[in-house]
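Take a look at the structure below.
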Amino acid sequence: MNYITSTSKNEKELLERFLRYVKTYSESNSNTADKGIIPSTPQQKDFAQMLASEMITIGLSNVQVTEFCYVYGDICATEGYENKPAFCLLAHLDTVDEVTGKNVMPSVHRNYDGSVINLADKGLLDPLRDSALAQAAAEQDTIITTDGTTLLGADDKAGIAIIMTAVSFIISHKEIKHGKIEVIFSPDEETGHGMDKVPVNLISAKRAYTVDGGHIGQLETECFNAVGTTVTFSGKAAHTGDARAAGMINAVSMVSSFTMNLPGRQSPETTDNREGFYGPLEISGNIEKAGVYLLLRDFTLEGIESRKKIVEQLAEAVAASFGGSVEIVHKQQYLNMKKGLDAHPEIVQDLEKAYRESGIEPVNTPIRGGTDGSRLTEMGIPSPNIFTGAHNYHSRTEWASLNQMDKAADVIINLAGIVSGEYNA
178 MNYITSTSKN
188 EKELLERFLR
198 YVKTYSESNS
208 NTADKGIIPS
218 TPQQKDFAQM
228 LASEMITIGL
238 SNVQVTEFCY
248 VYGDICATEG
258 YENKPAFCLL
268 AHLDTVDEVT
278 GKNVMPSVHR
288 NYDGSVINLA
298 DKGLLDPLRD
308 SALAQAAAEQ
318 DTIITTDGTT
328 LLGADDKAGI
338 AIIMTAVSFI
348 ISHKEIKHGK
358 IEVIFSPDEE
368 TGHGMDKVPV
378 NLISAKRAYT
388 VDGGHIGQLE
398 TECFNAVGTT
408 VTFSGKAAHT
418 GDARAAGMIN
428 AVSMVSSFTM
438 NLPGRQSPET
448 TDNREGFYGP
458 LEISGNIEKA
468 GVYLLLRDFT
478 LEGIESRKKI
488 VEQLAEAVAA
498 SFGGSVEIVH
508 KQQYLNMKKG
518 LDAHPEIVQD
528 LEKAYRESGI
538 EPVNTPIRGG
548 TDGSRLTEMG
558 IPSPNIFTGA
568 HNYHSRTEWA
578 SLNQMDKAAD
588 VIINLAGIVS
598 GEYNA
């Protein structure tokens, strides 16, 4: 038994929501978030209020926007199902600040035929270079792209549209029996601070599901262990004309040497699958003081500790060779959620059943990054990740599949019945 197929649900409603959301500016700011300011931008508050109003209209209960811009609402359990397990659905409000998310102009390509899509600034989407796009063409899918001047914002507005469409359907179809369902839309996931102020006091569910994945079928239960590291070199300033005699020590040269000598072929752009990396993101400074901020990523705790030690040894060696000094600060960002999910296999098993009831075979892939679910799992609420049908995240060539978004909504609808025990096919 499954409740719904993609042909019977209102794709028009899903598409309308998605287009409205991506046109709503909600970019976050990493620098502001790193200072402990959540939300990091006022536009996230505007988007939160818009969603809260829509949740009330749909029929969710207890809808509120917290002081720190988390949108919460719930659907009461069906009468007689109050003791069935509750679950929470999560997606994030913000878009990344690496590529502008302002004035997004989405383009809808119905019955996509596989032709090359030319975007602004010489960007293009070519199914010969993108197997997911080729699949969309073979299925004559409807796809949504940017115009090439901004990102699309499907990360994670596809997730929000999917959740809103699914819960709207559940509320309006009383034949779907379920326990309590909670919904949270969080700010600042892209800055790494999405769960810093999460209102755990509002969450009664002992399990959650983030809707923040990629290609159809992906079911993610594993992610990186993540550390953000700041390496700051201190030198000695002097007039460049007298630098040798004055004993100038150039911190800019030290940070450059350090960055260039990070382990070769272990950068984000040269690794994939389960390979970790050293990812320098930002260099700043002058002769007296210069630093680099880098990401350390590994799927094992042993691996992340090894990477921290290698950074420390390299930085100290560089400082010594120049006659300067160095300060190294590591900050844990999130942990691999695998251990927490392995301790509660029923949470993933129920999700796998929901995939199969929706006609989708689960594909277990590790996340080369993290989600709010990885942080929530650390807090004791295990949270695997569901696909959204979005592709090419964080870029001007980002695109989304309407069919895949629709299927993700099917998964959530079927999950409601499976978690409640109404059927266990």
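To get this note's numbering, take the position in the sequence shown, counting from 1, and add 177.
The beta-carbon is built from N, C-alpha and C at its ideal position, and this holds for glycine as well.
Asked: Which residue marks the beginning of the beta strand (DSSP E) containing G405, and which one marks its end?; Found: N402 to S411
Asked: Any idea if I595 is buried or exposed, counting beta-carbon neighbours within 10 angstroms, 16 or more meaning buried?; Found: buried
Asked: Taking the straight line between their C-alpha atoms, what separation do you get for N438 and L491?; Found: 8 Å
Asked: Measure the CB-CB distance between A225 and V240 and report whether it falls below 8 Å.; Found: no
Asked: Would you call the segment 541-554 and the segment 502-520 touching, i.e. three or more CB-CB distances under 8 Å?; Found: yes
Asked: Report all residues from its chain with a CB closer than 7 Å to the CB of E599; omit the five preceding and five following residues, and keep chain order.; Found: K354
Asked: Do the segment 460-480 and the segment 410-418 touch if we need at least three Cβ pairs shorter than 8 Å?; Found: yes
Asked: Rounded to the nearest angstrom, what separates D449 and T255 at their Cα positions?; Found: 44 Å
Asked: Using CA atoms only, rank isn't needed, just tell me which of N402, I524, A311 and A210 is closest to G369.; Found: A210
Asked: Give me, in chain order, the residues of the same chain whose beta-carbon lies closer than 7 Å to that of A496; leave out the 5 immediate sequence neighbours on both sides.; Found: F410, M431, S502 and V503
Asked: Determine the direct distance from the alpha carbon of V588 to that of E352, and round the result to whole angstroms.; Found: 17 Å
Asked: If you follow the beta strand (DSSP E) that V360 is part of, which residue opens it and which one closes it?; Found: I358 to S363
Asked: How about L528 and Y386: do their beta carbons lie closer than 8 Å?; Found: yes
Asked: Okay, do the segment 325-338 and the segment 370-386 touch, 3+ Cβ pairs below 8 Å being the bar?; Found: no
Asked: Using DSSP bridges, identify the partner residues of F264.; Found: I358
Asked: Rounded to whole angstroms, what is the Cα-Cα separation between A309 and H392?; Found: 7 Å
Asked: Whose C-beta lies closer than 8 Å to the C-beta of E193 among residues of the same chain, with five residues either side of it excluded?; Found: none
Asked: Determine the extent of the alpha helix (DSSP H) in which E231 is found, giving its start and end residues.; Found: P219 to I235
Asked: Note down, in chain order, each residue of its chain lying with its Cβ closer than 8 Å to the Cβ of T417, except the 5 sequence neighbours on either side.; Found: M425
Asked: With three or more C-beta pairs closer than 8 Å as the rule, is the segment 318-326 touching the segment 203-220?; Found: no
Asked: Count the other CB atoms within 10 Å of the CB of N427; is the residue buried (16 or more) or exposed (fewer)?; Found: buried
Asked: Apply the 10 Å Cβ neighbour rule to H131 and answer buried if 16 or more other Cβ atoms are within range, or exposed otherwise.; Found: The shown model of the chain, from 178 to 602, leaves out residue 131, and the question about it has no answer.
Asked: Count Cβ pairs between the segment 289-299 and the segment 555-572 that sit closer than 8 Å; are there 3 or more?; Found: no
Asked: In chain order, what are the residue ranges of uninterrupted alpha helix (DSSP H) at least 4 long that sit wholly in the segment 507-587?; Found: 515-519, 522-534 and 549-555
Asked: Report all residues from its chain with a CB closer than 8 Å to the CB of G394; omit the five preceding and five following residues, and keep chain order.; Found: Y532, I537, E538, P539, V540 and F564
Asked: Using alpha carbons as the reference points, say which of P457, L579, L302 and H269 lies closest to E204.; Found: H269
Asked: Would you kindly work out how many angstroms separate the C-alpha atoms of G390 and D419, rounded to a whole number?; Found: 56 Å
Asked: Under the rule that 16 or more other beta-carbon atoms within 10 Å means buried, what is N402, buried or exposed?; Found: buried
Asked: Please go through the same chain and pick out, in chain order, the residues whose beta-carbon is closer than 7 Å to the beta-carbon of P155, but skip the five residues on each side of it.; Found: This structure gives no information on residue 155, because the portion of the chain shown stretches from 178 to 602.
Asked: Can you tell me whether T447 is buried or exposed, with buried defined as 16 or more other CB within 10 angstroms of its CB?; Found: exposed
Asked: Go through its chain and collect everything with a Cβ distance to R287's Cβ below 6 Å, but skip five positions before and after it.; Found: T319
Asked: Measuring alpha carbon to alpha carbon, tell me which of P262, A313 and L196 ends up nearest S597.; Found: P262
Asked: So, for T327: in the same chain, excluding its five sequence neighbours on each side, which residues have a beta-carbon less than 8 Å away from its beta-carbon?; Found: V276, T277, G278, K279, N280, V281, M282 and R573
Asked: Buried or exposed: D365, going by 16 or more other Cβ atoms within 10 Å of its Cβ?; Found: buried
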